[in-house]
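The sequence shown runs 1 to 190 under the UniProt record's numbering. All C-beta atoms, glycine included, are put in the ideal place defined by N, C-alpha and C. Reviewing the structure listed below.
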Amino acid sequence: MINLVLFGPPGAGKGTQSDMIKEKYELLHLSTGDLLRGEIKAGTPLGIKAKELMDQGQLVPDEVVIGMIDSKIKANKSGNGFIFDGFPRTVAQAEALDQLMASNDISVSGMVALDVDEEELTKRILKRGETSGRTDDRNEDLIRARVKEYENKTAPVANFYDAQSKLKSISGVGSIEEIFGNLCTAVDSL
Ligand code: ADP
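This is the structure:
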């Protein structure tokens, strides 16, 4: 079983690479951003609350995303494994994920971080906003707020996995195929 945490700032390419990784290794792709957007689309109370925060570039509360992931892990623990995309996004979420995994007798294999500089990120997200239909991708102030939130709350998650010797970093700049090749090498070494 491979249980991969794909890490990186907004716009680093986690979604694109996750799609390719899940095909190759036959993993279940769990994106908390996609799950939240699903709740918004369905108009659930959770979605309505989450939208308010997401529209300001803020994270939704830990217990909300942990609850969403919990049921998915339980239901799929006998598969080939998971690729976590956009989760864990805080150290509290990382600790909760370790506990959830342990209670299902599985564990996180490792984290691969995609490195991309802030200027490139903003460019990519604005470009994505032209077609993605995501309102949070259209406004430069909102994008900067998301990157700030990432730096303050999410970046420390890399140290959490580094302390367990589970962190690998690769460049997230280059062609999609080139990055995918380096990512596969990192996954194979976990
Ligand atoms: P991106 O990483 O490109 O910003 P995502 O789709 O991963 O896009 O996330 C969109 C928004 O959803 C985030 O800005 C945040 O508000 C919310 N979100 C997603 N995942 C989490 C999480 N694990 N914890 C808290 N909030 C989250």
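query                                                                                                                                                                   : result
Looking at Gly133 and ligand 1, is the gap between the Cβ and the nearest heavy atom below 7 Å?                                                                         : no
Quick check: what's the CA-CA separation for Thr154 versus Lys148?                                                                                                      : 9 Å
Is the distance from the Cβ of Gly57 to the Cβ of Asp137 below 8 Å?                                                                                                     : no
Excluding sequence positions up to five away, which residues of its chain have a Cβ less than 6 Å from the Cβ of Gly81?                                                 : Met1, Ile2, Asn3 and Leu27
In this structure, how does DSSP classify Asn104 when only helix, strand and coil are distinguished?                                                                    : coil
Tell me the DSSP secondary structure of Ala92 in three-state form.                                                                                                      : helix
Enumerate in chain order the residues of its own chain whose CB-to-CB distance from Tyr25 is below 6 Å, with the five nearest sequence positions on each side excluded. : Ile2
Anyone know if the C-beta pair for Leu126 and Pro9 falls short of 8 Å?                                                                                                  : no
Does DSSP put Val157 in a helix, in a strand, or in coil?                                                                                                               : helix
Go through its chain and collect everything with a Cβ distance to Leu97's Cβ below 6 Å, but skip five positions before and after it.                                    : Pro88
Name the DSSP bridge partner or partners of Leu83?                                                                                                                      : Looking at the sequence shown, residue 83 is not Leu but Ile. Its beta-bridge partners are Leu4 and His29.
Which of the three DSSP states is assigned to Leu59 in this structure?                                                                                                  : coil
What residue does the alpha helix (DSSP H) around Asp188 start on, and which one ends it?                                                                               : Ile176 to Asp188
Measure from the alpha carbon of Tyr161 to the alpha carbon of each residue in Asp34, Ser109 and Lys77, then state which is nearest.                                    : Ser109
I'd like to know if the region 157–171 and the region 109–118 are in contact, where contact means that at least 3 CB-CB pairs between them fall below 8 Å.              : yes
So Ser71 and Asp115 are supposed to be a Cβ contact under 8 Å. How far apart are they, rounded?                                                                         : Not a contact, Cβ separation roughly 32 Å.
Using the Cβ count rule (16 or more neighbours within 10 Å means buried), how would you classify Gly181?                                                                : exposed
Mind reading off the beta-carbon distance from Ile66 to Gln93? Whole number of angstroms is fine, and I expect it under 8 Å.                                            : 6 Å
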